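One structure is given below, encoded as structure tokens.
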């Protein structure tokens, strides 16, 4: 049976550090390799940053919900915001070159896509955007 | 703004910025603002010592690369030194190694600035 861990927090940057710590604790509890744990934490922080800044427009009264699902062979993390979403199908087909020096922002999805085994987006009715990150696990 | 600290040292024409903590979307504005102040004061040879930096988010990386063009137009550059393996992994993932040469230490980065200077002598 998978285990679920749900965390909800206001859209404030200071809570991202807490999310990083939570990811580290869960990864340690699951016995994941440090490299895998780091890739998960980096991707989750990027997803939460997008939810905070783009989805919730940094509005602290809007919460971010994160649902972590632990399976023996996989971990998946859902991140929900209250935003209107974006054209993710178009974006995923034309992910910008990360080394483009003209762009200050816009590398988060590239990082998530490279570090996780799967990334998907869904606009949830009466809610907002949901990003799901999945990582197949290799035990240390 | 307590997650990122910047210490500065000036060696000849170069400025060394020793960062410690996290460079993320919350702290990157502070870093960007300091870099812009230095560039406006014609300090364009910048060494960023990342030895004490645990993590750089995509927003943080964006600050470094966005300054490259302006700095090089003024005969300056940005040199990143002392990246830990986790930071280096993302640096390479983002293909920034095609834009910036990483250095083991701030001293190595300063030597590289000196070498460039010597090569530019008539």
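Residue numbers (the numbering used here), protein chains in the order written: chain A, 388 to 527; chain B, 14 to 135. Every residue gets a Cβ at the ideal spot worked out from N, C-alpha and C, and that includes glycine. Here the structure is a predicted model, which is why all the values come from computation and not from measurement.
How far does the beta strand (DSSP E) with residue i in it extend, from its first residue to its last?
i                      : result
residue 460 of chain A : Segment: none, residue 460 of chain A is in no beta strand (DSSP E) and carries neither H nor E.
residue 98 of chain B  : Where residue 98 of chain B is concerned, there is no enclosing beta strand (DSSP E), although the alpha helix (DSSP H) it sits in stretches over 98-106.
residue 26 of chain B  : That residue, residue 26 of chain B, is in no beta strand (DSSP E); it is neither H nor E in DSSP.
residue 486 of chain A : Element bounds for residue 486 of chain A: n/a, residue is neither H nor E.
residue 392 of chain A : 390-397
Please go through the same chain and pick out, in chain order, the residues whose beta-carbon is closer than 6 angstroms to the beta-carbon of residue i, but skip the five residues on each side of it.
i                      : result
residue 494 of chain A : 485
residue 109 of chain B : none
residue 400 of chain A : none
residue 487 of chain A : none
residue 464 of chain A : 431, 455 and 520
residue 97 of chain B  : none
residue 89 of chain B  : 57 and 58
I want to see whether chain D comes within less than 8 angstroms of residue i, judged by CB atoms only; does it?
i                      : result
residue 481 of chain A : The question asks about chain D, but that chain is absent: this structure's protein chains are A and B.
Can you list, in chain order, the residues of its chain with a C-beta nearer than 7 angstroms to that of residue i? Leave out the 5 residues immediately preceding and following it.
i                      : result
residue 502 of chain A : 426, 429 and 430
residue 112 of chain B : 78 and 81
residue 483 of chain A : 490 and 493
residue 107 of chain B : 74
residue 442 of chain A : 468, 469, 470, 515 and 516
residue 445 of chain A : 398 and 439
residue 403 of chain A : 432, 435 and 436
residue 104 of chain B : 96, 110 and 115
Compute the Euclidean distance between the alpha carbons of residue i and residue j, then round it to the nearest angstrom.
i                      : j                      : result
residue 449 of chain A : residue 511 of chain A : 16 angstroms
residue 477 of chain A : residue 71 of chain B  : 21 angstroms
residue 527 of chain A : residue 99 of chain B  : Note that residue 527 of chain A scores 48 on pLDDT, short of 50, meaning its location in the model is unreliable; the coordinates nonetheless yield the value given after this. If you take the alpha carbons of residue 527 of chain A and residue 99 of chain B, they lie about 18 angstroms apart.
residue 25 of chain B  : residue 66 of chain B  : 25 angstroms
residue 102 of chain B : residue 117 of chain B : 14 angstroms
residue 33 of chain B  : residue 130 of chain B : 29 angstroms
residue 506 of chain A : residue 523 of chain A : 12 angstroms
residue 440 of chain A : residue 466 of chain A : 13 angstroms
residue 455 of chain A : residue 392 of chain A : 5 angstroms
residue 521 of chain A : residue 414 of chain A : 14 angstroms
residue 53 of chain B  : residue 28 of chain B  : 13 angstroms
residue 396 of chain A : residue 86 of chain B  : 43 angstroms
residue 50 of chain B  : residue 95 of chain B  : 23 angstroms
residue 6 of chain B   : residue 69 of chain B  : A question about residue 6 of chain B goes unanswered here, because the residues of chain B that appear run from 14 up to 135.
residue 41 of chain B  : residue 473 of chain A : 24 angstroms
residue 119 of chain B : residue 20 of chain B  : 13 angstroms
residue 128 of chain B : residue 462 of chain A : 49 angstroms
residue 44 of chain B  : residue 91 of chain B  : 13 angstroms
residue 458 of chain A : residue 115 of chain B : 38 angstroms
Let's see if you can read the secondary structure: which residues bound the alpha helix (DSSP H) around residue i?
i                      : result
residue 71 of chain B  : 71-86
residue 122 of chain B : 119-132
residue 47 of chain B  : 41-53
residue 497 of chain A : 495-502
residue 479 of chain A : 475-480
Can you name, in chain order, every residue of its own chain whose Cβ lies under 8 angstroms from the Cβ of residue i, other than the five neighbours on each side?
i                      : result
residue 408 of chain A : none
residue 496 of chain A : 433, 437, 478, 479, 482 and 506
residue 31 of chain B  : 19, 20, 21, 22, 62, 64, 65 and 119
residue 390 of chain A : 456 and 457
Just list the residues that DSSP pairs residue i with in beta bridges.
i                      : result
residue 516 of chain A : A:510
residue 31 of chain B  : B:20 and B:62
residue 91 of chain B  : B:59
residue 467 of chain A : A:452 and A:517
residue 522 of chain A : A:462
residue 505 of chain A : A:521
residue 36 of chain B  : B:69
Exercise for review: Report the residue ranges of all alpha helix (DSSP H) runs contained in full by the region 403-456 of chain A; include only those spanning at least 4 residues, in chain order.
Suggested key: 421-437
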